[in-house]
Amino acid sequence: KTKGAYYNDWAAQLETLARTNNNSGAATAALAMRAIANLLERARIDRLTRNQHILFRLGELIAFAETAAVFADRAINDPSDALPFSPETLQVMSRIHARDAALKIAADGLRWAIGAGQSDPNLAGSLNLPAIYAAQAGLLEDMDFVGKKLVEAFPAE
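Pasting the structure below:
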């Protein structure tokens, strides 16, 4: 088996992006990718996906990880002009989503894996929860910034 190589490789690409420009939260998206890789490997080892509910929950968490990664990359390398937001605003939005994704993957993934009977006593440690919680710093400031930009883009009349 790949042992999460797909998501770990994607995380490495995001970490490379973060070293050149982390304004989009690429490092946080990488944390999300590594967490989902660890959860998927644990689910494989312990055969947790025999439970359809776990399978669907993992799918939800995968979607969060992948959207955070794509948003982080696109906000830097290919910002959309279809929306009335500057590249800077898109990067801040991406940071917010990356934080949400990483925290959701770690917290919900741990919850569902433990609830399904996973066998790794160090699963929480392998998800890098301290780094994911540390990445939440600046969240409210970013949310306030995006709130102002939304009001500017879509003023109430």
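The numbering used here numbers the first residue of the sequence shown as 15 and each following residue consecutively. Idealized CB from N, CA, C, for every residue including glycine.
Minimum C-alpha distance to residue i - residue among the options
i      : options                          : result
THR42  : GLU74, ALA25 and VAL160          : ALA25
SER100 : ALA170, LEU164 and ARG33         : LEU164
GLU102 : ILE59, ASP156 and SER140         : ASP156
ALA138 : GLY123, ALA149 and GLU171        : GLY123
ASP60  : GLN132, LEU45 and ILE50          : GLN132
GLN27  : ALA46, GLU166 and LEU154         : ALA46
THR81  : LEU97, ALA145, THR34 and ILE50   : ILE50
ALA145 : LEU154, PRO93, GLY152 and ALA116 : ALA116
THR34  : ASP87, LYS17, ALA77 and GLY161   : ASP87
PHE78  : ALA32, PRO93 and TYR21           : TYR21
ARG125 : ASP23, LEU75, PHE85 and LYS17    : LEU75
Residue i versus residue j: straight-line alpha-carbon distance, rounded
i      : j      : result
ARG109 : HIS67  : 29 Å
VAL106 : LEU54  : 29 Å
ALA121 : GLY39  : 19 Å
ASN52  : GLU29  : 17 Å
LEU72  : PRO169 : 38 Å
ASN142 : ASP114 : 15 Å
ILE90  : ALA83  : 11 Å
ASN65  : ALA57  : 10 Å
VAL160 : ALA96  : 17 Å
Residue burial classification, residue i (beta-carbon count within 10 angstroms, cutoff 16)
i      : result
ALA19  : exposed
ASN36  : buried
GLN150 : exposed
GLN69  : Going by the sequence as given, residue 69 is Leu instead of Gln. It is exposed - the Cβ of LEU69 has fewer than 16 other Cβ atoms within 10 Å.
ILE119 : buried
ARG48  : buried
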